[in-house]
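I have placed the structure first, in the form of structure tokens, so that the comments after it can refer back to it.
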Amino acid sequence: MKKKLIKFYPLIPVFTVYILLFFIGKNVPGMWQLVAMLLFYCALGQAFNIFLGMTGYVDFGYVAFMGVGTYGMALAITRLASIEELGIGIIVAGFALALLMSTLLSLAVGAVALRLRGAYFAIATIGVNEGLRFLIEGARIWNGSEGLIFVSDINNILGRDTADALMTFWADVMVLVIAALAAVVTLYYMRSKIGYALTALREDEDAAKVMGINVTKYKIIAFITSSCFAGLIGAASWALKTPYVFPPEVFEIQYTIEAIIIVLLGGAGTLLGPVAGGLIYGISKYYLAVYVPGFQLLIFAPIIIVIITLFPEGILGMLKNRFQNTGLAHFII
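The numbering used here applies: residue 6 is where the sequence shown begins, and numbers increase by one.
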């Protein structure tokens, strides 16, 4: 029985961090805004790590999946707003549509891009993100560049008080739940046949093929899973928290860059790494913006370079090596 429980030990520090963040934000006045941002970055890092950390492939178009997830929630709310009987069920429908749209996009992109390797894959994914944005704007899909604004729809469906609570609190709680689910899926993959196959292709894809591993199959599994979580994050943290959608904002490549930084800071391919990276990045960004506004990027850039130079495997990579022969090794992976 104990051996079966040991495999879940790595989730303890992850969930502990999330619970602490929740209670700090809920009970310390003025802290919820910072906690909400930290939860977003942790969730983003956990989701992105499923693909980057396990395959070594860098998806520069990752924000596209967050964008279509945001549109999924927005479309569900605006198109179903007239059905009063749905009530809170319209939010469930929004998440379902966000999941469906991000899955379909990942299948379309993966079918082409995952045939490429290295820089060619990265270039292809950048094109997907920008191409999708300009397609929506140019063809006036989903209201084009004018976007979708659905504050009144949410107020009419849920009532003003419930809608306010959803936008200011429950949307962030949903991001927390998504981050926790991403951690569980990551651990499952790491301890299953999927994780072993992904590790093999990350280390040497050609050797993995020679060993009989269907590398394309496992890359697609990681790609779709990571993309689905991105869609859910977009639906919760963008569509529900700020109930409007504009293409230039939801397809902003800055979020992909932030996801890469978070994963590399914490440790690619680790479970706790994206959480550590999200906390370091989020706290640094927040307080630098408060105390040295306008200079935060100038200061933060060399900090990132120093950390990545000193810890090339990330913060958690360093801790794993230090505690690999101790009892803490069961908790740090």
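Heads up, the beta-carbon is just placed ideally off N, CA and C, and yes, glycines get one too.
- In chain order, PHE126 place their CB closer than 6 angstroms to the CB of TYR62, counting only its own chain and leaving out the 5 sequence neighbours on each side.
- In the structure shown, ILE55 falls within a helical segment according to DSSP collapsed to helix, strand and coil.
- Cβ neighbours of MET172 within its own chain (closer than 7 angstroms, five residues either side excluded): LEU245, LYS246 and PRO248.
- By the Cβ criterion, the region 250 to 257 is in contact with the region 130 to 139, since at least three pairs of Cβ atoms, one from each stretch, lie closer than 8 angstroms.
- In this structure, LEU237 keeps its C-beta atom at 8 angstroms or more from the C-beta atom of ALA98.
- By the criterion of a C-beta distance shorter than 6 angstroms, GLY30 is surrounded in its chain by MET36, TRP37 and VAL40, once the five residues flanking it on both sides are discounted.
- In the DSSP assignment, ILE154 forms a beta bridge with TYR249.
- Counted as a single uninterrupted DSSP element, the alpha helix (DSSP H) harbouring ALA168 occupies residues 165 to 170.
- Positions of the alpha helix (DSSP H) runs, each at least 4 residues long and wholly inside the region 66 to 140, are given as 68 to 85 and 94 to 118 in order along the chain.
- Looking from the CA of ILE308, the closest CA among LEU269, THR275 and ASN32 belongs to LEU269.
- Here LEU43 is buried: its Cβ has 16 or more other Cβ atoms, across all protein chains shown, within 10 Å.
- For ASN148, the secondary structure class from DSSP, reduced to helix, strand or coil, is helix.
- Three or more beta-carbon pairs drawn from the region 116 to 135 and the region 65 to 77 are found closer than 8 angstroms, and the two stretches are therefore classed as touching.
- For VAL182, the secondary structure class from DSSP, reduced to helix, strand or coil, is helix.
- Relative to the Cα of TYR223, the nearest Cα in the group LEU85, ILE93, LEU119 and VAL295 belongs to LEU119.
- Taking C-beta separations shorter than 8 angstroms and ignoring five residues to either side along the sequence, the partners of ILE320 in its chain run LEU270, GLY271, GLY272, GLY278, ALA281, GLY282, ILE285 and ILE312, following chain order.
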